[in-house]
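Heads up: the protein sequence lines correspond to chains A and B, in order.
Those letters in the first sequence? Residues 27 to 223, by my numbering.
Those letters in the second sequence? Residues 21 to 197, by my numbering.
Just so it is clear, CB atoms sit at the ideal spot from N, CA and C, and this is done for glycine as well.
Fair warning: this is a prediction, and the values are worked out from it, not measured in the lab.
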Amino acid sequence: MSEKSENFALRRRAIVKAILAERGDMLVIGGLGSAAWDITDAGDSPLNFPLWGAMGGTVAIGLGLAIAQPQRRVLVLSGDGDLLMGVGSLATVAVQAPNNLAIVALDNERYGETGMQETATASGVDLTGIARACGFPIAATIRDEAEFAAALPRIRGAAGPCFFTIKVRAEKLPLVLPPKDGSELKLRFRRALLGES
Amino acid sequence: MTEPVNWPDDIFRVLKEGGIRQVAYVPDAGHTRLINLCRDDNAIRAIGLTTEEEGVALLAGAWLGGQRGALLMQSSGVGNCINMLSLITQCRFPLLSIVTMRGQWGEFNPWQVPMGQNTGETLRLAGTLVYPVDEASRIGETVEQAARLAFEGGISVAVLIAQRVIGSKTFGKTEHE
Numbered sequence: 027m028s029e030k031s032e033n034f035a036l037r038r039r040a041i042v043k044a045i046l047a048e049r050g051d052m053l054v055i056g057g058l059g060s061a062a063w064d065i066t067d068a069g070d071s072p073l074n075f076p077l078w079g080a081m082g083g084t085v086a087i088g089l090g091l092a093i094a095q096p097q098r099r100v101l102v103l104s105g106d107g108d109l110l111m112g113v114g115s116l117a118t119v120a121v122q123a124p125n126n127l128a129i130v131a132l133d134n135e136r137y138g139e140t141g142m143q144e145t146a147t148a149s150g151v152d153l154t155g156i157a158r159a160c161g162f163p164i165a166a167t168i169r170d171e172a173e174f175a176a177a178l179p180r181i182r183g184a185a186g187p188c189f190f191t192i193k194v195r196a197e198k199l200p201l202v203l204p205p206k207d208g209s210e211l212k213l214r215f216r217r218a219l220l221g222e223s
Numbered sequence: 021m022t023e024p025v026n027w028p029d030d031i032f033r034v035l036k037e038g039g040i041r042q043v044a045y046v047p048d049a050g051h052t053r054l055i056n057l058c059r060d061d062n063a064i065r066a067i068g069l070t071t072e073e074e075g076v077a078l079l080a081g082a083w084l085g086g087q088r089g090a091l092l093m094q095s096s097g098v099g100n101c102i103n104m105l106s107l108i109t110q111c112r113f114p115l116l117s118i119v120t121m122r123g124q125w126g127e128f129n130p131w132q133v134p135m136g137q138n139t140g141e142t143l144r145l146a147g148t149l150v151y152p153v154d155e156a157s158r159i160g161e162t163v164e165q166a167a168r169l170a171f172e173g174g175i176s177v178a179v180l181i182a183q184r185v186i187g188s189k190t191f192g193k194t195e196h197e
């Protein structure tokens, strides 16, 4: 609250690139808007499922996938606005407790696609605190490079469910768009994961 | 009033035979037995939701991961799902919803009426095929056909179980179970 998010140290594109640099066979859901562009900027993959809508549903999609694929790491990357809209799903995840699911909130305290209006996190609402109160065994907030470097292996592999809020700079970035056709996104994902459509 | 047909068990059998692995729900009195059957089954993951739209998204994720699911809710919960159904139609995900109706037959709570009287139309407008059923003996087969349509066709299909079958809810009385 004290510091404006325009001045936050961490930059979302570099953060997402670093997380996905050694993704292995990780399955990645990107929440609508900036997070979907971020995962595409890091390198589009059939095992990315970027959302163009379904606001508030990103975490729940990750949960259904994590339950269906318990041997695979499932990573949900999304923005604070999306997570706030579906905040109840953090309770649902904590109850189901899939140990292969990690959720990363790229929290710039703004609705980035609609004019950079402040979200509730700009007024101090603490997504990590909500996740912790729901019962996530791992929940942490990351604000600088050292904290991020320490958290990176846990984001990729710690037994979860894990929740990380990464405070990222509010900035307008070039759009890097994934395929827009939802059916194509679904089919390529299932072909790559299951060998069938 | 309730016919001597154990329709929750019929649905459960259909779900098992259809390979359903994730059952997401916001509880409804009419779904009590089916939810309990699912919770007690080791091959089915029963997932309580905080709101019904979560279930729509969750089952999209399940399909991405190769599992079939079903969403159990009451008619008022359908209203919570509408925008999330865009995910289903845009990606042509299958979705099997089993809706117990309120606001119809002998409803005592008028707040259930606005959604209960418009559930089918609302779902149709959102791109879902709707199968109302008001005979207990036909519920099992209706769910079976709905599941086939959903999973073979990549379509959102909802079975609406009429309140006449379920019995109207009465607080503090047990004339219907």
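K193(A) carries a strand assignment under DSSP once its states are collapsed to helix, strand and coil. 7 Å or more divides the Cβ of L105(B) from the Cβ of A166(B).
Contact annotation: the segment 35-46 of chain A does not touch the segment 81-97 of chain A, with fewer than three C-beta pairs closer than 8 Å.
Between the alpha carbons of V76(B) and C101(B) lies a gap of roughly 7 Å.
The Cβ of K206(A) sits no closer than 7 Å to any Cβ of chain B.
Q97(A) has a beta carbon lying at 7 Å or more from every beta carbon in chain B. Residue state for F34(A) is assigned as coil, using DSSP reduced to three classes.
No Cβ of chain A is located within less than 7 Å of the beta carbon of Q94(B).
Taking the CA atoms as reference points, P28(B) sits about 11 Å from V185(B). G105(A) and S157(B) have their C-alpha atoms some 47 Å from each other. When DSSP assignments are scanned along the segment 140-203 of chain A, the uninterrupted stretches of alpha helix (DSSP H) that are 4 or more residues long and fall wholly within it turn out to be 153-160 and 171-183. With respect to the C-alpha of E171(A), the residue from M52(A), N125(A) and A35(A) having the closest C-alpha is A35(A). Contacts with chain A (Cβ-Cβ distance below 8 Å) from the segment 98-111 of chain B involve N103, M104, S106, L107, Q110 and C111, listed in chain order.
By a beta-carbon distance limit of 8 Å, A47(A) does not contact G56(A). Their separation comes to about 16 Å. G140(B) and Q124(B) do not touch by the CB rule: their CB atoms are close to 11 Å apart, not below 8 Å. Judged by DSSP secondary structure, V98(B) falls within the alpha helix (DSSP H) whose first and last residues are S95 to V98.
Three or more Cβ pairs closer than 8 Å define a contact, and the segment 138-145 of chain A falls short of that threshold against the segment 116-127 of chain A.
Beta-bridge annotation (DSSP): I67(B) is paired with A44(B). Taking a C-beta distance under 7 Å as the contact criterion, P179(A) and F162(A) do not qualify as a contact pair.
Of all residues in the segment 100-131 of chain A, only G112, G114, S115, A117, T118, V121 and Q122 come within less than 8 Å of chain B when Cβ atoms are compared, listed by chain position. Against chain A, the beta carbon of R65(B) has neighbours under 7 Å at I93, listed in chain order.
In the structure shown, D133(A) falls within a strand segment according to DSSP collapsed to helix, strand and coil.
In terms of beta-carbon proximity, K43(A) stays away from the interface with chain B, with every pair separated by 7 Å or more. For S60(A), there is no enclosing beta strand (DSSP E); the enclosing alpha helix (DSSP H) covers residues S60 to D67. Contact between the segment 32-45 of chain B and the segment 71-84 of chain A is not established, with fewer than three Cβ pairs separated by less than 8 Å.
Interface criterion not met: the Cβ of G57(A) is under 7 Å from no Cβ in chain B. At a C-beta separation below 8 Å, F113(B) has these neighbours in chain A: K212. In this structure, R216(A) lies away from K193(A), with their beta-carbon atoms at least 7 Å apart. Looking at the backbone, the Cα of G59(A) and that of D152(A) are separated by about 21 Å. A Cβ-Cβ separation of about 7 Å places G38(B) in contact with R88(B) under the 8 Å criterion.
Listed along chain B, no residue sits closer than 8 Å to A146(A) by beta-carbon distance, the nearest being about 17 Å off. Annotation: the continuous beta strand (DSSP E) that includes F75(A) extends over N74 to P76.
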